[in-house]
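**Student:** Once you've had a glance at the structure underneath, I'll fire off some questions.
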Amino acid sequence: MTDTLERPVGPPNPAPSPTPRGPGARALTWVGGIVGGVLLLSGAYSAVDLLAMGSEGATTVAESATYDGAPVVELVADGHVTVTTGGDRVEVDRTSRTVLSTATYRVDESSDRLRVSYRCEWWRPGFCSASLDVTVPDGTSVIVRALDGTVTATSLRGPLDVHVSDGSVDVSEIDGDVTVRSADARTSVRDVRGTVDVSSADGPIEISDVSGDVTAQSSDGRTEIWDARANIDVRSSDGGVTVHGTGRPVALDITTADGRQTVEGAVDPTSPIHVRIDTVDGYVEYLGPRG
Numbered sequence: 134m135t136d137t138l139e140r141p142v143g144p145p146n147p148a149p150s151p152t153p154r155g156p157g158a159r160a161l162t163w164v165g166g167i168v169g170g171v172l173l174l175s176g177a178y179s180a181v182d183l184l185a186m187g188s189e190g191a192t193t194v195a196e197s198a199t200y201d202g203a204p205v206v207e208l209v210a211d212g213h214v215t216v217t218t219g220g221d222r223v224e225v226d227r228t229s230r231t232v233l234s235t236a237t238y239r240v241d242e243s244s245d246r247l248r249v250s251y252r253c254e255w256w257r258p259g260f261c262s263a264s265l266d267v268t269v270p271d272g273t274s275v276i277v278r279a280l281d282g283t284v285t286a287t288s289l290r291g292p293l294d295v296h297v298s299d300g301s302v303d304v305s306e307i308d309g310d311v312t313v314r315s316a317d318a319r320t321s322v323r324d325v326r327g328t329v330d331v332s333s334a335d336g337p338i339e340i341s342d343v344s345g346d347v348t349a350q351s352s353d354g355r356t357e358i359w360d361a362r363a364n365i366d367v368r369s370s371d372g373g374v375t376v377h378g379t380g381r382p383v384a385l386d387i388t389t390a391d392g393r394q395t396v397e398g399a400v401d402p403t404s405p406i407h408v409r410i411d412t413v414d415g416y417v418e419y420l421g422p423r424g
């Protein structure tokens with residue numbers, strides 16, 4: 134007979150205790166919770182803002198004013214800005230639309246500058262919009278600073294400098310140099326008798342019909358240029374670049390870290406007109422004249 138030895142019955146082996154989380158892991162948990170809460174609150178506020186702006190409780194104020202001309206006119210607004218040329222004085226039409234907030238209008242005048250500011254005192258997207266519609270005398274240098282909205286500048290005879298945080302920029306028929314700086318905006322610049330310098334952190338760029346040098350820099354967004362009749366310098370971190378030549382040969386220099394290259398336009402390394410395209414991630418096209 135064979136004896137069978139049985140194992141004594143006892144409690145199961147306990148599961149290994151979890152490794153205590155270190156300070157770094159706990160900090161990440163807190164940060165994640167805070168970020169998630171901020172995103173939820175932001176989404177909730179945006180929804181409430183849209184409802185509030187469309188409600189009967191929204192207050193709309195429209196007023197006008199006229200000022201003596203100045204060599205430089207600076208426009209600052211928390212909304213849309215429209216500026217054009219006409220007359221021998223500066224004419225300002227302002228419109229605000231607010232809910233649970235107010236917009237403050239301020240004018241600073243000196244011998245060489247007129248500064249018009251229309252800002253929201255308690256600003257949140259949708260709760261307050263303060264817009265300017267301005268006409269300036271011929272030859273005025275114009276500076277525009279818009280926090281959130283569309284900037285439209287047309288038929289100006291003088292240099293133009295635009296700064297936009299979020300929105301869009303539409304510039305046309307400018308007799309002077311144009312500079313645009315945007316954080317998150319679609320930018321369109323056309324029909325400029327001067328140089329163009331555009332820099333965008335996020336958003337597409339379109340530039341056309343320019344007599345002077347063109348410089349464009351984009352961190353994230355497509356860039357397209359056509360009918361630019363002088364030197365072109367384009368730099369893009371993430372986004373495709375398309376440049377249409379005018380039919381005249383150019384000295385072309387293309388550098389790309391990751392992306393296809395297409396060259397169909399006329400090229401001559403001895404040409405006095407230089408086109409430089411430098412991208413990190415995105416396609417590059419130098420094509421013939423745009424049809």
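Heads up, this note's numbering is the position in the sequence shown plus 133, with the first residue counted as 1.
The C-beta atom is built at its ideal place from N, Cα and C for all residues, glycine as well.
With residue 230 as the anchor, note down where its beta strand (DSSP E) starts and where it stops.
**Tutor:** In the sequence shown, the residue the question calls residue 230 occupies position 97. If you look at residue 230, you'll find it in the beta strand (DSSP E) that goes 222–231.
**Student:** Give me, in chain order, the residues of the same chain whose beta-carbon lies closer than 8 Å to that of residue 421; leave out the 5 immediate sequence neighbours on both sides.
**Tutor:** Within the sequence shown, residue 421 is the residue found at index 288, counting from 1. So the qualifying residues of the chain are 377, 378, 380, 397, 398 and 399.
**Student:** Measure the C-alpha to C-alpha separation of residue 161 and residue 237 and round it to an integer number of angstroms.
**Tutor:** The residue labelled residue 161 in the question sits at position 28 within the sequence shown. The residue labelled residue 237 in the question sits at position 104 within the sequence shown. Bear in mind that the predicted position of residue 161 carries a pLDDT of just 48, short of 50, making it unreliable; the figure below should be weighed with that in mind. C-alpha separation (whole angstroms): 41 Å.
**Student:** So, at 6 Å on beta carbons, what are the nonlocal neighbours of residue 286 in its own chain, with the 5 sequence-adjacent residues on each side left out?
**Tutor:** Residue 286 sits at position 153 when you count from the first residue of the sequence shown. Closer than 6 Å at the Cβ level, and outside the excluded window around residue 286, lie 216, 293 and 304.
**Student:** Is residue 203 helix, strand or coil by DSSP?
**Tutor:** Residue numbering aside, residue 203 sits at position 70 when the sequence shown is read from its first letter. Coil at residue 203, not helix or strand.
**Student:** Rounded to whole angstroms, what's the CA-CA distance from residue 336 to residue 353? Just pull it up for me.
**Tutor:** The residue you call residue 336 lines up with position 203 of the sequence shown. The residue you call residue 353 lines up with position 220 of the sequence shown. Roughly 6 Å separates the two Cα atoms.
**Student:** Determine whether the beta carbon atoms of residue 369 and residue 356 lie at a separation below 9 Å.
**Tutor:** Within the sequence shown, numbered from 1, the residue matching residue 369 stands at position 236. Within the sequence shown, numbered from 1, the residue matching residue 356 stands at position 223. Their beta carbons are under 9 Å apart, which means residue 369 touches residue 356 by this criterion.
**Student:** For residue 413, which residues from the same chain have a beta carbon less than 8 Å from its beta carbon, with the 5 sequence-adjacent residues on both sides left out?
**Tutor:** Working through the sequence shown from its first residue, we reach residue 413 at position 280. Hits under 8 Å: 369, 370, 371, 389, 390 and 391.
**Student:** Could you name the residues that DSSP lists as bridge partners for residue 318?
**Tutor:** Residue mapping note: residue 318 aligns to position 185 of the sequence shown, counting from 1. Note: residue 318 sits in a beta bridge opposite 300.
**Student:** Which same chain residues end up closer than 6 Å to residue 197 when comparing Cβ atoms and leaving out the 5 residues on each side of it in sequence?
**Tutor:** For the purposes of this step, residue 197 is identified with residue 64 of the sequence shown, where counting begins at 1. Answer for residue 197: 226, listed in chain order.
**Student:** I need the straight-line Cα distance from residue 254 to residue 235, nearest angstrom please.
**Tutor:** In the sequence shown, counting from the first residue as 1, residue 254 sits at position 121. In the sequence shown, counting from the first residue as 1, residue 235 sits at position 102. The alpha-carbon of residue 254 is positioned some 6 Å away from that of residue 235.
**Student:** Short check: CB of residue 419 to CB of residue 406, under 9 Å?
**Tutor:** Here residue 419 refers to the residue found at position 286 of the sequence shown. Here residue 406 refers to the residue found at position 273 of the sequence shown. No. Outside cutoff.
**Student:** Mark residue 270 as exposed unless 16 or more other C-beta atoms lie within 10 angstroms of its C-beta, in which case mark it buried.
**Tutor:** Indexing the sequence shown from 1 puts residue 270 at position 137. Around the beta carbon of residue 270, a 10 Å sphere encloses 16 or more other beta carbons of the protein chains shown; the residue is thus reported as buried.
**Student:** Excluding the five sequence neighbours on either side, which residues of its own chain have a C-beta within less than 6 Å of the C-beta of residue 350, listed in chain order?
**Tutor:** Here residue 350 is taken as the residue at index 217 of the sequence shown, counted from 1. 332 and 368, listed in sequence order.
**Student:** When you compare the CB positions of residue 276 and residue 339, do they come within less than 9 Å of one another, or not?
**Tutor:** Here residue 276 corresponds to residue number 143 of the sequence shown, with the count starting at 1. Here residue 339 corresponds to residue number 206 of the sequence shown, with the count starting at 1. Going by beta carbons, residue 276 and residue 339 fall outside the 9 Å limit.
**Student:** From 346, 220 and 318, pick the residue whose C-alpha is nearest to that of residue 268; which is it?
**Tutor:** Stepping through the sequence shown from its first residue, residue 268 is reached at position 135. When each option's Cα is compared against that of residue 268, the closest is 220.
**Student:** For a test of the three-state rule: what should DSSP assign to residue 282, helix, strand or coil?
**Tutor:** One-based indexing of the sequence shown puts residue 282 at position 149. Three-state DSSP puts residue 282 in a strand.
**Student:** Measure the C-alpha to C-alpha separation of residue 313 and residue 330 and round it to an integer number of angstroms.
**Tutor:** Residue mapping note: residue 313 aligns to position 180 of the sequence shown, counting from 1. Residue mapping note: residue 330 aligns to position 197 of the sequence shown, counting from 1. Straight-line Cα distance between these residues: approximately 6 Å.
**Student:** Excluding five sequence neighbours on each side, which residues of the same chain lie with their C-beta closer than 6 Å to the C-beta of residue 423?
**Tutor:** Position 290 of the sequence shown, counted from the start, is the residue given in the question as residue 423. So the list reads 359 and 377, once near-sequence residues are dropped.
**Student:** Among 345, 289, 300 and 278, whose alpha-carbon lies nearest the alpha-carbon of residue 362?
**Tutor:** The residue labelled residue 362 in the question sits at position 229 within the sequence shown. Nearest C-alpha to residue 362: 345.
**Student:** Could you give the DSSP three-state label for residue 407: helix, strand or coil?
**Tutor:** If you number the sequence shown from 1, residue 407 lands on position 274. Three-state DSSP puts residue 407 in a strand.
**Student:** Considering Cα atoms alone, identify which of 239, 323 and 232 is closest to residue 302.
**Tutor:** If you number the sequence shown from 1, residue 302 lands on position 169. Residue 302 has its Cα closest to that of 323, out of 239, 323 and 232.
**Student:** When you compare only the Cα positions, how much space is there between residue 317 and residue 274?
**Tutor:** Counting from one through the sequence shown, the residue named residue 317 turns up at place 184. Counting from one through the sequence shown, the residue named residue 274 turns up at place 141. A direct Cα-to-Cα measurement between residue 317 and residue 274 gives close to 24 Å.
**Student:** Measuring alpha carbon to alpha carbon, tell me which of 308, 192, 263 and 310 ends up nearest residue 228.
**Tutor:** Reading the sequence shown from its first residue, position 95 is the one you call residue 228. Of the listed residues, the one whose Cα sits closest to residue 228 is 263.
**Student:** Exposed or buried, residue 320, counting other C-beta atoms within 10 Å across all chains shown (16 or more means buried)?
**Tutor:** On the sequence shown, residue 320 is found 187 positions in, with the first residue counted as 1. So residue 320 counts as buried.
**Student:** Hey, quick one: how far does the beta strand (DSSP E) through residue 377 stretch, first residue to last?
**Tutor:** Sequence index remark: in the sequence shown, residue 377 carries index 244 (1-based). Unbroken beta strand (DSSP E) run through residue 377: 374–377.
**Student:** Taking C-alpha atoms, which residue in 260, 211, 311 and 289 lies nearest to residue 278?
**Tutor:** If you number the sequence shown from 1, residue 278 lands on position 145. Residue 278 has its Cα closest to that of 211, out of 260, 211, 311 and 289.
**Student:** For a test of the three-state rule: what should DSSP assign to residue 418, helix, strand or coil?
**Tutor:** As a working mapping, residue 418 is identified with position 285 in the sequence shown. Three-state result, residue 418: strand.
**Student:** Rounded to whole angstroms, what is the Cα-Cα separation between residue 251 and residue 266?
**Tutor:** By one-based count along the sequence shown, residue 251 stands at place 118. By one-based count along the sequence shown, residue 266 stands at place 133. Looking at the two C-alpha atoms, the distance is approximately 11 Å.
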